[in-house]
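My numbering puts the first residue of the sequence shown at 14, with every later residue one more than the last.
Here a beta-carbon is modelled for each residue, glycine too, at the ideal position from N, C-alpha and C.
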Amino acid sequence: MKLASIKKHFIQLELSEEEEKIFLLIADCADELKVKAFLVGGYIRDQLLRRSSKDIDVAVVGSGINLAEIVAEKIHPQPAVAIYKNFGTALLKHKDFEIEFVGTRKESYQKDSRHPIIEDGTLVDDLMRRDFTINALAISLNEEDGGALYDLFGGMEDIKKKIIRTPRDPDITFSDDPLRMMRAIRFASQLNFRIDIETFKSIAKNKERIGIISQERISEELNKILLSEKPSIGFDLLFKCGLLQIIFPELQRLYGVEQVDGKGHKDNFYHTLQVVDNIAERSDDLWLRWAALLHDIAKPDTKRFEKGHGWTFHGHEAVGARKAETIFRKFRLPLNEKMKFVCKMVLLHLRPISLSKEEVTDSAMRRLLFDAGDDLDALLKLCESDITSKNEHKVKHYLRNFELVREKLMEVEEKDKIRHWQPPITGDMIIKIFNRPPGKEIGIIKDAVREAILDGKISNSFEEAYNFMLERAKEMGWVPVIEK
Ligand code: ATP
Ligand code: MG
14 MKLASIKKHF IQLELSEEEE KIFLLIADCA DELKVKAFLV GGYIRDQLLR RSSKDIDVAV
74 VGSGINLAEI VAEKIHPQPA VAIYKNFGTA LLKHKDFEIE FVGTRKESYQ KDSRHPIIED
134 GTLVDDLMRR DFTINALAIS LNEEDGGALY DLFGGMEDIK KKIIRTPRDP DITFSDDPLR
194 MMRAIRFASQ LNFRIDIETF KSIAKNKERI GIISQERISE ELNKILLSEK PSIGFDLLFK
254 CGLLQIIFPE LQRLYGVEQV DGKGHKDNFY HTLQVVDNIA ERSDDLWLRW AALLHDIAKP
314 DTKRFEKGHG WTFHGHEAVG ARKAETIFRK FRLPLNEKMK FVCKMVLLHL RPISLSKEEV
374 TDSAMRRLLF DAGDDLDALL KLCESDITSK NEHKVKHYLR NFELVREKLM EVEEKDKIRH
434 WQPPITGDMI IKIFNRPPGK EIGIIKDAVR EAILDGKISN SFEEAYNFML ERAKEMGWVP
494 VIEK
């Protein structure tokens, strides 16, 4: 393969020196092995869209594993090749690239499984089995037609027009592998593309088929939607095609406005989507984005109409925090500190806003600083994002007010260093001083001391904390066995 011919045809791809080198090497090896090899799929799409991509797929009419091994032998130092015999694929890691070699194949599906019967196939067979036209482009790496673009289904045109469309009858594409419905919506959200109308109708028609897809795969797509620049695109599409009701009824329940005595509340579904878009402008953190998605999740459960007052959602933050945990379990998301973080954000999401309303005491500030701890910045971002209104002036006004809350919090933190603060009296000390076993009562005394300091009733000194502890314990009839 001559560099000149590749360069000429790769004119639309902006290849780095590394990419150019590795493609030339693959091309040489393919010719040596006398097999046809093609760049395929997402890598070409992302190149054309100028999105950086380190995952490269190479389709080989023949053995992908053989080609990968020969390529690896010619790289110094020789990279490891992971071979997946069952799938007939090989993964070569080189610099920050992950190059997957796979034999071109033909797939046929049965009704109740998303695992197809797989046979060797031609390049055309291989492109036919792909989900969307934009993912079904191939570029030859062989000498004879090096660089030629194979575009059997109008993928180039769809990239230009920003359209997601299936290469074949969408009913077949989606029924074969219903995960593709989620992928369509995820790509629309990630790339800011439209879904072709026939393709979209077919999703609505085949939505129930999502039931054969594992929760993990669905959640992976939800995460990718959440990580896109404007996640509302994806969630709105999920809602409109009816998939949301099946995979995420808790979120769907936020939709709609109820009226009593001519008074309505805001549509919590679209409010939530706005909050998620707002947070996406402020943070790339997946878990903070999950917190935004779930912050009002318990509003339908706590909704009341109070005569003379209007709609209330008392306690939705606490109920919501518990519900967030249930949703994490259902979606098989990590049940570790990430989940705890999300629950904590949901629980605390009203607190900073409440500080902007009244004449706020330092102790209310200290309490929030203590409760939020290291997650204060994240919480403030969530609260700012929660300020939504059709009236832009209102939003600006509230954001300015909120900026004052942020400043005051920083002042109090600067003065009292409360975020990483631990009360001077620990549970262990109380156990020793009163010679009592660990248990609920120890916790009661410990918390009372902490609260008294946060409330400003006593100062943050060992002396005052110790005396306060003695008094509190006395009320329970406890006497110290150790003198100070
Ligand atoms: P991303 O890497 O962002 O998930 P991608 O399009 O590269 O997007 P991969 O899962 O890496 O997706 O798959 C690579 C290619 O394999 C795709 O571009 C597509 O051609 C094909 N493909 C992946 N999953 C499916 C599927 N479920 N049905 C049909 N083709 C698929
Ligand atoms: Mg990929």
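Check	Outcome
Spatial distance of Asp506 from Phe145 (CA atoms)	The structure shown does not extend to residue 506, since the chain is modelled only from 14 to 497, so the question has no answer here.
Heavy atom of ligand 2 within 7 angstroms of Asp5 beta-carbon	Residue 5 lies beyond the residue range present for the chain, which begins at 14 and ends at 497; the question has no answer from this structure.
For Val74: DSSP bridge partner residues	Lys49
Chain-order list of residues whose beta-carbon lies under 6 angstroms from that of Asp375 (same chain, five-residue window excluded)	Val425
Pro437 vs Ala478 beta-carbon contact at 8 angstroms	yes
Check: Gly55 C-beta below 7 angstroms from any heavy atom of ligand 2	yes
Completely contained alpha helix (DSSP H) runs for the stretch 375 to 399, where each covers 4 or more residues	375 to 385 and 389 to 398
Per DSSP, the bridge partner or partners of Gly469	Answer by DSSP bridge pairing: none, since Gly469 is not bridged.
Where Gly116 falls: helix, strand or coil (DSSP)	strand
Arg193 CB to nearest heavy atom of ligand 1 below 7 angstroms	yes
Assigned secondary structure, Val273 (DSSP; H/G/I helix, E/B strand, else coil)	strand
Asp298 CB to nearest heavy atom of ligand 1 below 7 angstroms	no
Contact under 8 angstroms by Cβ, Ala151 with Ala72	yes
Beta-bridge partners of Phe318, as assigned by DSSP	Trp324
Residue burial classification, Thr179 (beta-carbon count within 10 angstroms, cutoff 16)	buried
Buried versus exposed call for Thr135 [16 or more other C-beta atoms within 10 Å across all chains shown]	exposed
Gln272 to Arg317 span [Cα, whole Å]	11 angstroms
The stretch 305 to 323 in contact with the stretch 263 to 271 per 3-pair CB rule at 8 angstroms	yes
Given 8 angstroms, three or more beta-carbon pairs between the stretch 96 to 105 and the stretch 62 to 78	yes
Segments of 4+ residues assigned as alpha helix (DSSP H) that fall wholly inside the stretch 171 to 221	183 to 189, 192 to 204 and 210 to 219
Coil, strand or helix - Asp164 by DSSP	strand
Assigned exposure category for Gln287 - 16 Cβ within 10 Å defines buried	buried
For Gly255 and Lys220, believed in contact at Cβ under 8 angstroms, the rounded distance	5 angstroms
Asn236 CB to nearest heavy atom of ligand 1 below 7 angstroms	no
Stretch-stretch touch, CB-based, cutoff 8 angstroms, three pairs: the stretch 279 to 299 with the stretch 395 to 402	yes
Phe383 and Trp434 closer than 8 angstroms at C-beta	yes
Check: Ala197 C-beta below 7 angstroms from any heavy atom of ligand 1	no
Option in Asp297, Phe51 and Glu32 with minimal Cα separation from Glu242	Asp297
Paired residues, beta bridge with Ile152 - DSSP	Leu52 and Leu162
Chain-order list of residues whose beta-carbon lies under 7 angstroms from that of Asp441 (same chain, five-residue window excluded)	none
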